[in-house]
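Presented below is the structure to which this report refers.
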Amino acid sequence: RHQKDIVQGVDDRLKKVEPQQVNLDGKTFMADPDEVSSYEAATATLRSGDFDKAQVALGNFLRRYPASGYADQARYWTGNAQYGNRDFKGAIVTFRAFIAAAPDHPRAPEAELAIANCQIELRDIKGAKATLNDLMKTYPKSEAAVAGRERLSSLK
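Under the working numbering, the residues of the sequence shown are numbered 11 to 166, in order.
Put into structure tokens, the structure is as follows:
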């Protein structure tokens with residue numbers, strides 16, 4: 011029994027440093043425990059509404075783990091933090107980089123809609139219309155396309 015307790019103790023300690031399997035948006039990858047906790051802390055900061063700290067935390071995450079399985083999500087959430095900070099030009103750049111890196115990501119249509127929202131905030135109505143038309147053409151079956159169609163009709 012003592013031997014079994016020792017083995018269990020070693021296993022418990024190893025689990026704290028071993029990579030773990032993560033399933034996110036239908037994608038499975040391995041992540042270090044520090045990577046997981048860093049991403050979760052950054053997104054928790056975003057959910058709390060502290061966009062400045064969230065933007066910094068997500069940026070730090072992307073610099074520390076550029077090849078992470080969380081990287082696409084971190085880019086998407088960085089764009090949202092920038093939008094929350096009213097950095098619309100920065101958010102457009104971030105969302106476009108996200109779409110370019112992951113055009114098939116489940117959140118890509120939402121990112122395209124967010125670009126149009128940024129353009130509307132910047133009074134670039136012509137650009138917003140073009141983005142919304144592109145959204146409906148590229149992701150016609152998405153919920154974002156439905157919202158984009160409504161937004162487009164209100165811009166006319």
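Every residue gets a Cβ at the ideal spot worked out from N, C-alpha and C, and that includes glycine. This one's a predicted model, so the numbers in the text were calculated from it and none came from an experiment.
- Taking a cut-off of 8 Å on C-beta distances, the region 58 to 69 does not touch the region 114 to 121, as fewer than three cross pairs fall below it.
- The residue from T88, R161, T148, N95 with its alpha-carbon nearest to that of F105 is T88.
- For A77, no beta strand (DSSP E) run applies, since DSSP gives it neither H nor E.
- The residue from D22, L162, R23, C128 with its alpha-carbon nearest to that of G94 is C128.
- Taking each of A126, A84, K139, Y75 in turn and checking the Cα distance to K99, the smallest one comes out for A126.
- The alpha-carbon separation between I130 and P76 amounts to approximately 31 Å.
- Residue state for L34 is assigned as strand, using DSSP reduced to three classes.
- The residues L68, F71, L72, in chain order, have a CB closer than 6 Å to that of A84 in the same chain once the five nearest residues on each side in sequence are set aside.
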